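Structure, as structure tokens:
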Ligand SMILES: [Zn+2]
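Numbering (the working numbering), first residue to last: 49 to 314.
Here it is as structure tokens:
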């Protein structure tokens, strides 16, 4: 074949490939765009609270996320590469690298889109606005949204550390959930979204953890009122998961439909 024709065919081919990849993604995602998950929601719901990896290892997979610590020792918020614990006494602590994690999700945050000037009257209003926003890009992707601003009121929960034998999480939440109501807070919500088809692997829909700017208040968000602020969206297309290696997990029975139990503790 004539060299010019070969060259032209290569160029046409490259243009076709770039056109296809531009259609496949609305954003220019970088190579770090991967969600890393420790264990699965179903195992956690069944009482798998032993640590799977250390905080140090977990941090090597990202700088933003949420989860909990060995024995459900409070709520985890990862922000700007720091792993915070919202403890059951209401305090916020920076966790050391040798603490262990039984369940959590983390990614490297890169801003793919912005949401300016959000005002939300309550939790449902905020999450439905987030739904509207991601519907533009597709609800079958995963997302992490960093939401910053002022809250008239924010209600968060944390959970008291459990001792063995561990109970199912619905039983733990019924007895050892501590709820805190804070007024006039400035801070960040880390909102993680998993699509419906990932239900039971994680919580489908939105899962929100809060940390105040002064790093004194935080936890799993149950409710909020009077929010004013903005958001940054990270769209994610890749998922990595590490499983527990113990006997409890290996022989766990996953036939039960956990959907209603999972939504009862969200
Ligand atoms: Zn949570």
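Heads up, the beta-carbon is just placed ideally off N, CA and C, and yes, glycines get one too. Keep in mind that this is a model prediction, so the values were computed, not measured.
query	result
Buried or exposed (CB count within 10 angstroms, at least 16 for buried), residue 119	buried
Beta-carbon proximity list for residue 229, same chain, < 6 Å, skipping 5 on both sides	203
Own chain, CB closer than 7 Å to residue 168, minus 5 neighbours either side, in chain order	174, 177, 275
Any non-hydrogen atom of ligand 1 within 8 Å of residue 252 CB	no
Sheet register partners of residue 272 (DSSP bridge)	202
For residue 205, the nearest candidate out of 251, 121, 128 (CA to CA)	121
Extent of the continuous alpha helix (DSSP H) to which residue 104 belongs	103-107
Cβ contact (3+ pairs, closer than 8 Å) linking the stretch 236-252 and the stretch 182-196	yes
Residues whose Cβ lies closer than 7 Å to any heavy atom of ligand 1, in chain order	114, 123, 255, 257, 268
Nearest neighbour of residue 256, chosen from 291, 196, 296, 213 [CA to CA]	196
In DSSP terms, what residue 196 is bridged to	236, 278
C-beta contact flag for residue 153 and residue 84 at 9 Å	yes
Cβ contact check for the stretch 262-281 and the stretch 94-110: 3 or more pairs under 8 Å	no
Buried or exposed by the 16-neighbour rule on C-beta atoms within 10 Å, applied to residue 157	buried
Integer-rounded CB distance, given that residue 251 should sit under 8 Å from residue 90	Rounded, the Cβ-Cβ distance is 11 Å, inconsistent with contact.
Three-state secondary structure (DSSP) of residue 142	strand
Proximity below 9 Å, CB of residue 171 to CB of residue 259	no
Where residue 137 falls: helix, strand or coil (DSSP)	coil
Residues that DSSP places opposite residue 241 in a beta bridge	191, 254
Endpoints, the alpha helix (DSSP H) within which residue 172 is located	171-183
According to DSSP, residues forming a beta bridge with residue 151	116
DSSP-derived helix/strand/coil call for residue 162	strand
Option nearest residue 207 by Cα separation, candidates 301, 298, 117, 303	117
From 309, 212, 278, residue whose alpha carbon lies closest to that of residue 165	278
Counted within 10 angstroms of its Cβ, other Cβ atoms place residue 269 as buried (16 or more) or exposed	buried
Nonlocal neighbours in the same chain, by C-beta distance under 7 Å from residue 296, ignoring five residues either side	96
Between the CA atoms of residue 211 and residue 314 - distance to the nearest angstrom	22 Å
Beta carbon of residue 182 nearer than 9 Å to that of residue 281	yes
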